[in-house]
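Numbering (the numbering used here), first residue to last: 1294 to 1784.
So, in structure tokens, the structure goes:
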């Protein structure tokens, strides 16, 4: 595919409830925008509380009657595997849809979104047959064993940066454990989530097991969070929305939550590291997916002995980065998701300058040629950043790198831990003892040593502190989709 390809005509997206596309109760719609052009891409239904209620009822029926609760684990496993196969089969068209909807590069959507989305279903297809309870050796003439049972109807609220992948992270373990789902994708990027529901139906997922309600957070999202018949919310997004969901849970049925929130992740580089490898990793840690990544390495901690020369090389690399049409194979960075997000990024740039950081490159909208129509930002690097500055404390969610100098291990750890976040981190050094010592000292859910952005369906992902709780992927994710029942038998 290249930048001259004929783009598809995208039909208006309906809600997906009880195995079929349906209109919203209000009949209202939401325009979906192509970030690279600023033009309308499609429209979807504006689901509201009544639509959420319809979807939850369909999910409850599917959970308690029909074929789903009676289905053998081996049959669920085959269905999950089939969903993975279908995602892989339609990978190119799904990636194109994701690119048009998010502004990310097409090659990035193919490799970083669709490939792992297919893999997560394949991975949990295995767990569907192997997740089990245990026999416990209790005192007395008793047999005690545990059952792992589905938590129930799961509401899933996903972010706009990885729409298909984030939905897959939640749907796959939910289905593996026998739950049913109501998904509320971001109103900015709902298209591939609707596509996922259609593929699931093609894979013989029974009607009502997967439902999708497109709409705004304060309408559809709020209704899902407060619904009395939703047993769990799986959320990816901002701290502010997470607090609202926690409040909604407390004021409704005390539904459980898993929260994958933001980050302000430290990428720590020592003089003894492989500096060429560290440079490449630091570059993509912040500029992959336009910096719209919760795990972005947005704080670059450089030891004082290498600070100046390392930073000089990185700035030169950032200045040469190809920003442009996401469909062009030569493009390295596409468009930010929206005008509002672009304005937010530029606001943080202004804050950095005002607080005394030195703007090394970027820091402005990219309006060259056709890019003037879209929401493009230039790769940005700040030096002379102090740990207390706003650009070093708050998640920007854009291609803005804050370089901070440190002198020793203790100062690096103090800076790394000096925010409200604790999602991911990285340490670059050839000193094995130092690497493991810092891995223990840093308060983050993931620590990468001499690498960055290592992900695998089998490895857990999630944060400390205000980066959330619960885990995505791996065996640990299954815990939040099940309940443990203890059974006692007198012998």
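From the three backbone atoms N, C-alpha and C, an ideal C-beta is built for every residue, glycine too.
Local conformation of residue i per DSSP, three classes
| i | result |
| --- | --- |
| residue 1752 | coil |
| residue 1708 | helix |
| residue 1660 | coil |
| residue 1586 | coil |
| residue 1394 | helix |
| residue 1648 | coil |
| residue 1294 | Bear in mind that the predicted position of residue 1294 carries a pLDDT of just 39, short of 50, making it too unreliable to give a figure here. |
| residue 1745 | coil |
| residue 1449 | strand |
| residue 1671 | coil |
| residue 1720 | strand |
| residue 1773 | coil |
| residue 1760 | helix |
| residue 1725 | helix |
| residue 1610 | helix |
Residues sharing a beta bridge with residue i, DSSP
| i | result |
| --- | --- |
| residue 1616 | 1626 |
| residue 1400 | Residue 1400 is not bridged to any residue. |
| residue 1686 | Looking at the DSSP assignment, residue 1686 forms no beta bridge with any residue, so it has no partner. |
| residue 1438 | 1428, 1780 |
| residue 1765 | 1754 |
| residue 1639 | BP columns for residue 1639 are empty, so no partner. |
| residue 1595 | 1562, 1698 |
| residue 1679 | None; residue 1679 has no bridge partner. |
| residue 1692 | Partner(s): none; residue 1692 has no beta bridge. |
| residue 1527 | 1449, 1551 |
| residue 1740 | 1718 |
| residue 1443 | 1775 |
Integer Cβ distance of residue i from residue j, believed to fall under 8 Å
| i | j | result |
| --- | --- | --- |
| residue 1592 | residue 1685 | 6 Å |
| residue 1695 | residue 1675 | 5 Å |
| residue 1484 | residue 1390 | 5 Å |
| residue 1509 | residue 1480 | 5 Å |
| residue 1594 | residue 1742 | Not really, about 14 Å apart at Cβ, beyond 8 Å. |
| residue 1459 | residue 1529 | 5 Å |
| residue 1388 | residue 1407 | 5 Å |
| residue 1644 | residue 1683 | 5 Å |
| residue 1490 | residue 1505 | 5 Å |
| residue 1526 | residue 1547 | Contact doesn't hold; Cβ gap of about 11 Å is too wide. |
| residue 1628 | residue 1576 | Actually they do not touch by this definition, with Cβ atoms about 19 Å apart. |
| residue 1451 | residue 1413 | Between residue 1413 and residue 1451 the Cβ distance is about 14 Å, and since that is not below 8 Å, they are no contact. |
| residue 1560 | residue 1719 | 5 Å |
| residue 1399 | residue 1619 | 6 Å |
| residue 1411 | residue 1381 | 4 Å |
| residue 1339 | residue 1321 | 4 Å |
Let me know the alpha helix (DSSP H) ranges lying completely inside the segment 1301 to 1372, each 4 residues or longer, listed in chain order.
1342 to 1357
Jot down the residue ranges of each uninterrupted beta strand (DSSP E) in the segment 1540 to 1573, minimum 3 residues, whole runs only, in chain order.
1549 to 1553, 1559 to 1562
Quick one: which unbroken beta strand (DSSP E) runs of 3-plus residues sit fully inside the segment 1463 to 1509? Chain order, please.
1473 to 1477, 1503 to 1505
Does the structure place the segment 1391 to 1402 close enough to the segment 1323 to 1331 that three or more beta carbon pairs sit under 8 Å?
yes
Inter-stretch contact at 8 Å, needing at least 3 Cβ pairs: the segment 1719 to 1731 / the segment 1618 to 1638
no
Segment contact, 8 Å Cβ cut-off, at least three pairs: the segment 1446 to 1454 with the segment 1410 to 1425
no
Is it the case that the segment 1733 to 1751 contacts the segment 1564 to 1574, given that we only count it when at least three CB pairs across the two stretches are under 8 Å?
yes
How about the segment 1349 to 1364 and the segment 1401 to 1414: do they share at least three Cβ pairs that are nearer than 8 Å?
no
Quick test of the definition: if touching needs 3 or more C-beta pairs under 8 Å, does the segment 1545 to 1563 touch the segment 1757 to 1777?
yes
Assess contact between the segment 1424 to 1440 and the segment 1510 to 1520, defined as three or more Cβ pairs (one per stretch) separated by less than 8 Å. Is contact present?
no
Flag this pair as touching only if the segment 1666 to 1683 and the segment 1600 to 1615 have three or more C-beta atom pairs under 8 Å; answer yes or no.
yes
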